[in-house]
Amino acid sequence: MKDTVASLLGEALAKVIAENGADFEPAPIQIERTRDPAHGDLASNVALANGKRLGMAPRALAEALCAALPANGAIARTEIAGPGFINFFLSSDSQGDVLRDVLRLGERFGHNDSGKGHKVQVEFVSANPTGPLHVGHGRGAAVGDSLARILAANGWDVTSEFYYNDAGAQINNLALSVQARCRKLTPEDDGWPEDGYRGDYIVELAEAYLAGEAVQASDKAVTASANADDLDNIRDFAVAWLRREQDLDLKSFGVSFDVFFLESSLYESGEVEAVVQRLIENNATYEKDGALWLRTTDYGDDKDRVMRKQDGGYTYFLPDVAYHLNKWQRGFERVIDEQGADHHSTVTRVRAGLQALKADIPEGWPDYVLHQMVTVMRDGAEVKLSKRAGSYLTLRDLINEVGRDATRYFLVARSPNSQLTFDIDLALSQSNDNPVYYIQYAHARVCSVKRRLGEQGIKVDLDAETVSLDALGEPQEVELLKQLARFPDIVSRAAVTAEPQQVANYLRELAAEFHAYYNAHKVAVDDEDLRTARLALSEGVRQVLANGLDLLGVSAPEAM
RNA sequence: GCGCCCAUAGCUCAGCUGGAUAGAGCAUCGGCCUUCUAAGCCGGCGGUCCGGGGUUCGAAUCCUCGUGGGCGCGCCA
């Protein structure tokens, strides 16, 4: 509808420009939905934006444009308002068409094919298997998974990926910690590894190992030899065991991955070494102090970075560059890396490394979505997370306490750029102040109405093409239709800007309008035409709520 | 010191990419359940949109300089 009005207005503008003998490239036509119904359904600022260049007062130009506007059945009338806005009042038929679209398209309403099946990868969580997932990982999981769902709804071919390191110093540290525990040591004892891990899970891990357990994770299977001297076996077992724990948490969170990618595979395949050679050949490196440096300052970094250490090992960012080259070579037109903001310095470095490869990778590639810290509140006080003591609130604890839906909603409903306070008491409260129940309740209410009507033998499955919507005329009904019409824009914009919180905010507004409508007007009235029309509207709201909640990975219950 | 993020009602946050009179919830005060789910609705109170400049017909929104808070500045990952 917006597009239709925009093109009509474009025609009118071209005509007026020609009539005035002017010749310039007009400012792009902007059409927006109005906030105030008194301003019509759609409004445009073209007259304000172009008045000066045409030498016309904005209101005069607006009048000329309205006169030059081609006739169209969808537009009932236009008005000129304020400093020169053109307000469009749409015909009731064209508003009802939106509802027909919802009913006809069902769970596909709001989806589009702007991604054209092109490949996009969303990498998120990517936690190294050295401990349980915590709340920060939860934020990454909620945001990343929603992004993947939103991109898929926009017609992209989405791959969700989890990258981790199953070798290296931290994993070795993990293995040594488990080994120490197998030998009955505790973190307080002298023989405990320096900077060893000390959570309760180390105890569980050691017990499972000594019991000779067989572990099956989504991407690994290992059987413990129960031999406390076999560090290699302990390492493999510990990684598989923790990966399995992560799998369980992610599954209960409704999050799944298409690919688990191992950092070690980049060494085994020679891709890391190839990247080093290529950077040297491109004269992007130099030797200093016995180390090999990359000139990242050539690409906006504030200092050059060591890529090969004095001891001959590589720093972490080299496999990162190799990993991203690998992504590029897999044909991902768009890559979104979702990470904690404490890793933000990696952004410049990885992009610099990719540019230095001279592999025709676009400068701003890949995209990053960095989420800020999460603090958890309970009983009005912050829940302190102490990694050193090994005591911290895990994602599993949170899901067990407040449930999957509330946890996901709260973690995805804020801009990732803002710090997030997760209030456990709020997430648990079953009331108005808890948006997730508020939205789900609106959905359940419609289901309840349909159930009741069905019990009375009234037909509740409506035909999108033939159902009569003429009886809809209450201001709240018109507002709800307009609200439904926004959903496709929201889905589209959420994908372009990589902001899943837009879906969450929209759903809250839609639910609020529906609750108000529900309290003011009854669906199950005797007048059949009115009842059917209101049922159709309610069903449309239910469908959009369900579609939106699905994009957030939150369930849409039929009863509460 | 340098870089990134944030700042809107007492509190938690929206504000649809620069539009018309800045909006919700909580808290507080007052109403609505013999009628489709009160996990709901209606109304009252509540604002220096952190501050100063600038761009613009128009700024909470863009630019700039500050202030305050968070995070990061390893040959750790």
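So the first sequence is numbered by our numbering: it starts at 37 and just counts up by one.
All C-beta atoms, glycine included, are put in the ideal place defined by N, C-alpha and C.
Per DSSP, V214 is one residue of the alpha helix (DSSP H) stretching across G204 to C218.
In the DSSP assignment, M413 forms a beta bridge with E418 and D459. In this structure, E549 and L516 form a Cβ contact; the two beta carbons are roughly 6 Å apart against a cut-off of 8 Å.
A contact is defined here as three or more CB-CB pairs under 8 Å, and the stretch 357-364 meets this definition with respect to the stretch 385-400.
Residue range F353 to Q365 is occupied by the alpha helix (DSSP H) that includes F353.
If you ignore the 5 residues before and after Q391, its C-beta comes within less than 6 Å of the C-beta of Y335, all in its own chain and listed in chain order. By the neighbour-count definition (other C-beta atoms within 10 Å, threshold 16), E299 is a buried residue. Under the three-pair Cβ rule at 8 Å, the stretch 193-200 counts as touching the stretch 153-162.
Within its own chain, no residue has a Cβ closer than 8 Å to the Cβ of G118 once the five positions on either side in sequence are excluded.
Boundaries of the beta strand (DSSP E) harbouring K155: K155 to E159, taken from the DSSP string.
DSSP, reduced to helix, strand and coil, places K324 within a strand of the structure shown. Annotation: the continuous beta strand (DSSP E) that includes G376 extends over R370 to G376.
Residue state for I494 is assigned as coil, using DSSP reduced to three classes. Note on geometry: alpha-carbon atoms of A320 and L328 lie some 10 Å from one another. When the beta-carbon positions are compared, V239 and K256 stay at least 8 Å from each other. Out of V251, N318 and Y200, the CA that lies nearest to the CA of V295 is found in Y200. Excluding its 5 nearest sequence neighbours in each direction, R344 has C-beta neighbours in its own chain below 8 Å: V312, A327, L328, Y350, T351 and L354, listed in chain order. In the three-state reduction of the DSSP assignment, Q252 falls in the strand class, which pools E and B. At a cut-off of 3 residues, the continuous stretches assigned as beta strand (DSSP E) that sit fully inside the stretch 264-349 are 295-298, 321-324, 327-330 and 341-344.
Restricting attention to S574, P94, R370 and S381, the CA atom closest to the CA of W401 is found in R370. Annotated three-state conformation of R69 is strand, per DSSP. The three-state secondary structure of F60, taken from DSSP, is coil. Per DSSP, F145 lies in no alpha helix (DSSP H) and is assigned neither H nor E. Taking the C-beta atoms as reference points, H557 is found nearer than 8 Å to E510.
By the Cβ criterion, the stretch 201-218 is not in contact with the stretch 467-481, since fewer than three pairs of Cβ atoms, one from each stretch, lie closer than 8 Å. Counting along the chain, no beta strand (DSSP E) covers V52; the unbroken alpha helix (DSSP H) around it starts and ends at K38 to E55. In the DSSP annotation of this structure, the continuous segment of the alpha helix (DSSP H) that includes N541 starts and ends at Q537 to A556. Annotated three-state conformation of T384 is helix, per DSSP.
Excluding five sequence positions before and after R414, the CB atoms of its chain that fall closer than 7 Å to its own CB belong to I460 and D461, given in chain order. Annotation: L90 to P524 spans about 35 Å, alpha carbon to alpha carbon.
Taking a C-beta distance under 8 Å as the contact criterion, R140 and A211 do not qualify as a contact pair. Sequence-distant Cβ neighbours of L267 in its own chain, meaning closer than 7 Å and more than five residues away, are A211 and Q215. In terms of Cα proximity to Q537, the closest of N164, V179, R522 and G153 is V179. For the pair Q282 and P165, the CB atoms are nearer than the 8 Å cut-off. Judged by DSSP in its simplified three-state form, A560 adopts coil rather than helix or strand. If you draw a 10 Å sphere on the C-beta of N436, you find fewer than 16 other C-beta atoms in it, and that means exposed.
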